[in-house]
Amino acid sequence: MNFALNKSASQSSTLNYKDFQWTADKAVDGNTSGENPDASKTCSATNNYLGNHTWEVDIGFLIIVKTITVYTRNDTDDQHSGFKVFIGNTTRSWTGNQPFTEIQTTNTKYRFRSNDSLARFVSVIRENKEIMTICEVIVDGECPKGKFGDVCNETCGHCLYGNVSCNSSTGQCTEGCQNGWSGEKCKEECPKGTFGDACNETCGHCLYGNVSCNSTTGQCTEGCQNGWSGERCKEEIQQSPSPSENGIITIGVVVPVVMVIILVIIVLAILRVRRKLSGLCNVTPSLPNRVQMWFHRVIQKGESSDPTTQEMEDTILNEGNVYQNTEIKKQLMTQIIPVLAFWGHVTKMKANKEQFELEFQELSQGLTKAHEKALENPSKNRYQSIIPYDFNRVVLKRDSVNHSVYENDLDYINASHIKGFESRKSYIAAQGPITEAISDFWWMVWQERTECIVMLTNVSEMGQMKCIQYWPDKGEQRYGDVTVKFLGNESFADCIRRDLQIDVDGKSRKVTQFHYIAWPDKDVPDTAWSLVEFWKSVRKYYVNGKVPMTVHCSAGVGRTGTFIALDIIYDEACETGNVDVMKCVENLREQRVNMVQTVNQFIFLHDAVAESLGFGTMPVFNKQFPDVLRYLMEEDEMSGLTRLERQYNMLRQLNMEEEESNMPVYSNDDDVQSEIIWLPNLSGRDAYIAMKQVDDETLLATIRKRNVKWLIMVDSGRPEDVLVSIGVNDTRTIAGLDITCQKKEDLGVFERIQFSITSDERTKPQKLIMFLLKTWEESNEVPSDPYSVLSLFEDFSQHHPSPSELNPVLLYSRWELNRCSLIYILLNEKDRIRRDGEIHVLRTSAEMFGRSRALLPTFKLYDFMYKCLLADALQDFTYENTGLIMREIL
Numbered sequence: 008m009n010f011a012l013n014k015s016a017s018q019s020s021t022l023n024y025k026d027f028q029w030t031a032d033k034a035v036d037g038n039t040s041g042e043n044p045d046a047s048k049t050c051s052a053t054n055n056y057l058g059n060h061t062w063e064v065d066i067g068f069l070i071i072v073k074t075i076t077v078y079t080r081n082d083t084d085d086q087h088s089g090f091k092v093f094i095g096n097t098t099r100s101w102t103g104n105q106p107f108t109e110i111q112t113t114n115t116k117y118r119f120r121s122n123d124s125l126a127r128f129v130s131v132i133r134e135n136k137e138i139m140t141i142c143e144v145i146v147d148g149e150c151p152k153g154k155f156g157d158v159c160n161e162t163c164g165h166c167l168y169g170n171v172s173c174n175s176s177t178g179q180c181t182e183g184c185q186n187g188w189s190g191e192k193c194k195e196e197c198p199k200g201t202f203g204d205a206c207n208e209t210c211g212h213c214l215y216g217n218v219s220c221n222s223t224t225g226q227c228t229e230g231c232q233n234g235w236s237g238e239r240c241k242e243e244i245q246q247s248p249s250p251s252e253n254g255i256i257t258i259g260v261v262v263p264v265v266m267v268i269i270l271v272i273i274v275l276a277i278l279r280v281r282r283k284l285s286g287l288c289n290v291t292p293s294l295p296n297r298v299q300m301w302f303h304r305v306i307q308k309g310e311s312s313d314p315t316t317q318e319m320e321d322t323i324l325n326e327g328n329v330y331q332n333t334e335i336k337k338q339l340m341t342q343i344i345p346v347l348a349f350w351g352h353v354t355k356m357k358a359n360k361e362q363f364e365l366e367f368q369e370l371s372q373g374l375t376k377a378h379e380k381a382l383e384n385p386s387k388n389r390y391q392s393i394i395p396y397d398f399n400r401v402v403l404k405r406d407s408v409n410h411s412v413y414e415n416d417l418d419y420i421n422a423s424h425i426k427g428f429e430s431r432k433s434y435i436a437a438q439g440p441i442t443e444a445i446s447d448f449w450w451m452v453w454q455e456r457t458e459c460i461v462m463l464t465n466v467s468e469m470g471q472m473k474c475i476q477y478w479p480d481k482g483e484q485r486y487g488d489v490t491v492k493f494l495g496n497e498s499f500a501d502c503i504r505r506d507l508q509i510d511v512d513g514k515s516r517k518v519t520q521f522h523y524i525a526w527p528d529k530d531v532p533d534t535a536w537s538l539v540e541f542w543k544s545v546r547k548y549y550v551n552g553k554v555p556m557t558v559h560c561s562a563g564v565g566r567t568g569t570f571i572a573l574d575i576i577y578d579e580a581c582e583t584g585n586v587d588v589m590k591c592v593e594n595l596r597e598q599r600v601n602m603v604q605t606v607n608q609f610i611f612l613h614d615a616v617a618e619s620l621g622f623g624t625m626p627v628f629n630k631q632f633p634d635v636l637r638y639l640m641e642e643d644e645m646s647g648l649t650r651l652e653r654q655y656n657m658l659r660q661l662n663m664e665e666e667e668s669n670m671p672v673y674s675n676d677d678d679v680q681s682e683i684i685w686l687p688n689l690s691g692r693d694a695y696i697a698m699k700q701v702d703d704e705t706l707l708a709t710i711r712k713r714n715v716k717w718l719i720m721v722d723s724g725r726p727e728d729v730l731v732s733i734g735v736n737d738t739r740t741i742a743g744l745d746i747t748c749q750k751k752e753d754l755g756v757f758e759r760i761q762f763s764i765t766s767d768e769r770t771k772p773q774k775l776i777m778f779l780l781k782t783w784e785e786s787n788e789v790p791s792d793p794y795s796v797l798s799l800f801e802d803f804s805q806h807h808p809s810p811s812e813l814n815p816v817l818l819y820s821r822w823e824l825n826r827c828s829l830i831y832i833l834l835n836e837k838d839r840i841r842r843d844g845e846i847h848v849l850r851t852s853a854e855m856f857g858r859s860r861a862l863l864p865t866f867k868l869y870d871f872m873y874k875c876l877l878a879d880a881l882q883d884f885t886y887e888n889t890g891l892i893m894r895e896i897l
């Protein structure tokens with residue numbers, strides 16, 4: 008659609024040649040012809056030799072500009088080459104803005120593309136002393152989201168997917184209507200008595216008939232008629248007459264007066280008993296259904312479930328006010344978890360995901376407080392069901408005289424004030440800016456003195472617009488009364504930091520935008536560490552708690568709620584040493600609808616909190632590991648310990664019981680006891696055996712009985728051990744087993760030795776490959792360096808397939824059983840890297856510790872495990888600062 012056609016145009020000067028006026032309006036008359044000698048009738052032109060030449064058209068209202076096409080004369084080049092095209096919200100749009108780049112040029116046509124920018128004015132400039140001739144300017148665009156019509160002054164209806172599915176020309180809702188609305192433009196509310204999709208469902212038995220039936224949900228807002236129940240009053244109550252009622256029918260004819268007296272006494276007695284027991288009752292049949300629903304769903308926090316008589320009367324008398332009881336809150340079964348126990352709590356919850364779902368269902372759902380102001384401004388809401396409450400909405404305050412003409416309500420924006428922990432901090436939770444409210448957003452940032460904007464959505468996701476780009480990529484752009492200047496940016500793997508400057512009436516302020524680009528809508532990022540790393544960067548920058556942090560995604564509740572909840576919970580944990588996720592989310596939902604929108608986001612919030620408190624509690628990608636470990640080695644602000652020490656202490660706190668079935672004991676005779684512990688692989692199947700301090704007979708009996716084909720001796724062993732001392736081609740007989748050394752290779756930091764084991768001539772020989780680590784002496788708590796261990800692993804991976812219960816890998820130490828933990832954890836993590844590209848040391852450690860506390864490594868050994876994985880990560884990826892990382896951490 009050409010929005011420039013027949014609009015008001017002006018130019019810096021007008022050429023008057025042979026009594027023909029080459030006026031500006033001729034460039035918007037719809038005639039693209041530049042043929043000579045008729046050019047004077049169809050083209051505009053400026054005077055010769057008057058310096059810079061400008062031409063501008065005022066469309067009259069804001070549009071989303073797609074492309075701009077400029078047609079010129081076809082008989083001369085000196086009157087139109089070197090064009091620059093600008094757009095803006097105010098006249099003289101070339102001031103302070105960057106010109107667009109040509110995308111297509113012919114002899115008479117120049118075409119420019121806009122990045123779907125919002126603008127009202129289009130300007131063409133030629134910066135030299137030659138004449139500028141323009142025959143036609145075509146501005147192709149569309150109405151801002153939520154508007155349609157020839158002049159974009161009509162508001163879209165209740166389309167199924169909001170303004171995204173509203174045709175900007177016709178207003179037709181291409182994907183259908185929201186529940187409760189019908190018609191091509193979805194502006195016709197369902198007739199009384201119907202509701203739902205296309206108004207094809209019938210209301211139930213509402214108390215006041217169809218008047219009290221919600222046209223969207225079908226809920227009977229005032230309760231049900233007698234004999235019916237349920238939110239939609241479609242469930243019939245089955246009632247049977249009581250014996251006393253049968254007695255009334257029979258005796259009533261004989262002694263009516265006596266019966267009336269008896270009934271009065273019974274009723275009074277029942278009421279008295281009920282009054283005494285009201286704190287224990289869950290049903291109050293004598294009250295209207297609407298009060299019963301209130302009684303069940305809203306309970307004063309910290310008090311009993313017995314509402315006072317006055318509260319009940321207020322509810323009945325004020326039936327017109329649906330939000331009469333906004334201060335009465337739902338009492339949740341929350342859990343206060345100590346910080347050190349929180350990861351264990353999350354792990355147990357994840358073993359039974361239904362528990363997360365049950366907790367999530369307990370949270371308040373939908374709009375629970377008055378939101379009248381939002382209903383008055385549908386064009387400024389991306390989703391009509393995700394809107395701010397009246398009591399804490401951000402109220403814009405400004406001089407309406409100086410405000411842009413396209414704003415129809417000066418004080419409304421879809422944004423809510425959110426309180427931080429103990430109100431020490433504050434946030435603004437907002438929907439992602441839309442076309443109609445982009446200038447409102449920047450005014451809010453200026454008014455609230457925001458220094459930090461957290462953006463948790465991409466501009467477009469899966470082909471759908473999620474948030475209009477509200478900042479310039481270069482130069483500056485004016486949005487209503489605020490000019491935004493781009494100062495620079497820095498890109499990282501999962502986020503971008505943009506430095507901006509905003510100016511109002513000659514006053515300037517710096518604003519930093521943190522843009523997280525790895526969070527899909529209504530889903531969660533791949534790893535909790537990714538978000539925690541981003542959150543950490545925001546916290547490091549945002550130190551001024553006196554001004555609110557503005558956080559937005561698309562709707563401003565799901566990703567936004569999760570991020571704010573993480574920040575609040577962390578602050579509370581630092582102060583109290585405890586975590587209560589459910590309480591935090593419910594408090595957020597009392598301030599903005601459906602904060603932390605989905606059960607997956609609720610689960611992910613637990614992961615992110617655990618990661619923020621313990622660091623290393625959630626899996627991270629292998630390529631992230633150097634950054635993770637560097638952070639773990641830093642001192643934690645809560646405890647004064649390094650974060651790795653805190654993680655280790657958390658591991659020690661886990662109360663996992665040893666299972667005797669996991670520790671079978673085998674020996675060549677029942678008199679010799681040895682400690683043999685089965686350990687699982689990534690699939691959860693027992694594939695490793697940890698063992699220590701046994702004689703040769705017991706060791707070989709175990710190898711034979713469990714069909715062990717690979718043995719890793721994690722320390723140097725003793726010279727007298729048969730598997731160490733036997734020479735190549737020598738055979739020893741131990742407890743009826745013949746052991747022959749077939750091959751021995753000294754590979755520097757370790758040895759690889761191959762054996763053949765037989766019990767008699769009739770049995771097939773059993774092959775055994777032993778890897779002997781030579782860099783871990785008895786007196787040393789850890790091996791001499793990580794690379795010796797990695798060298799052994801690399802060779803080991805080439806000589807064995809995936810371990811299994813049928814052919815387990817035996818991890819053997821002469822000195823301490825917990826030495827086996829180093830090899831086990833590193834083997835499992837190497838497998839995890841190959842399978843998933845991730846590292847999760849704490850999980851593997853916890854699973855190992857659950858099998859035996861004797862396997863718990865010392866902190867020095869635990870620290871060494873991380874350094875081995877770091878060295879491995881640095882081998883797998885190319886880092887510019889590899890040497891620096893090694894010096895810092897190793």
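Quick note on numbering: the numbering used here labels position 68 of the sequence shown as 75, and the sequence is numbered without any gaps. For every residue, glycine included, the Cβ atom is placed at its ideal position computed from N, Cα and C. Please read all numbers here as calculations on a predicted model, not as lab measurements.
Counting the other Cβ atoms within 10 Å of the Cβ of S130 gives 16 or more, which makes it buried. Under DSSP, V558 forms a beta bridge with A436 and V461.
Less than 9 Å separates the beta-carbon of S386 from that of E443. In summary, Q362 is exposed, with fewer than 16 beta-carbon neighbours lying within 10 Å of its beta-carbon over all protein chains present. In the three-state reduction of the DSSP assignment, P687 falls in the strand class. When the alpha-carbon of G470 is set against those of W478, R505, P527 and A358, the nearest one is in P527. With respect to the C-alpha of N825, the residue from T738, E801 and I683 having the closest C-alpha is I683.
Counting C-beta pairs with one atom in each stretch, the region 588-595 and the region 368-379 have three or more that are closer than 8 Å, which means they touch. Sequence-distant partners of F155 (beyond 5 residues in either direction) whose C-beta falls short of 7 Å from its own C-beta, in its chain, are E161, C163, C173, N174, S175, S176, T177 and G178. The DSSP assignment places complete alpha helix (DSSP H) segments of no fewer than 4 residues inside the region 331-400 at 346-358, 360-369 and 379-382, in order along the chain. Per DSSP, the unbroken beta strand (DSSP E) holding C748 starts and ends at L744 to D753. Membership of V452 in any beta strand (DSSP E) is not indicated; the residue belongs instead to the alpha helix (DSSP H) covering I445 to Q454.
Boundaries of the alpha helix (DSSP H) harbouring N835: R826 to D843, taken from the DSSP string. By DSSP's assignment, V491 forms a beta bridge with Q484 and I509. When the Cα atoms are used, I394 and F866 turn out to be separated by approximately 50 Å. Each residue's CA atom was taken as its position, placing I145 and A422 some 37 Å apart. By the Cβ-count criterion, D480 is exposed, with fewer than 16 other Cβ atoms from all chains shown falling within 10 Å of its own Cβ.
Within the DSSP bridge table, the entry for D693 names P687 as partners. Here the alpha carbons of Y549 and V491 stand approximately 20 Å from one another. Exposure of T113 is indicated by the presence of fewer than 16 other C-beta atoms within 10 angstroms of its C-beta. One alpha carbon belongs to P815, the other to I710, and they sit about 9 Å apart. Beta-bridge annotation (DSSP): T140 is paired with A52. Per the C-alpha coordinates, the member of T83, L12, I71 and I141 positioned closest to S20 is I141. Under the DSSP definition of a beta bridge, W235 partners with E243. Comparing C-alpha distances from V531 to each of N607, N13, D722 and A358 shows the shortest one belongs to N607.
Membership of Y78 in any alpha helix (DSSP H) is not indicated; the residue belongs instead to the beta strand (DSSP E) covering H60 to Y78.
Excluding residues up to 5 positions away in sequence, N825 and S828 lie with their Cβ nearer than 6 Å to the Cβ of P864 in the same chain. I475 carries a coil assignment under DSSP once its states are collapsed to helix, strand and coil. With respect to the 9 Å criterion, G211 and R239 are classified as neighbours on the basis of their beta carbons.
Straight across, the Cα-Cα distance linking N359 with F800 is about 35 Å. Within the same chain, Cβ atoms closer than 8 Å to the Cβ of G237 are found at G211 and C231, the five residues on either side in sequence being excluded. Put simply, the region 559-574 touches the region 436-451. At least three CB pairs are less than 8 Å apart.
DSSP places V92 inside the beta strand (DSSP E), whose first and last residues are K91 to G95.
Judged by their CB atoms, I830 and V789 are not nearer to each other than the 9 Å cut-off. By the criterion of a C-beta distance shorter than 6 Å, C213 is surrounded in its chain by S219, C220, C227 and C240, once the five residues flanking it on both sides are discounted. Closest by C-alpha distance to C166, out of D157, G190 and G148, is G190.
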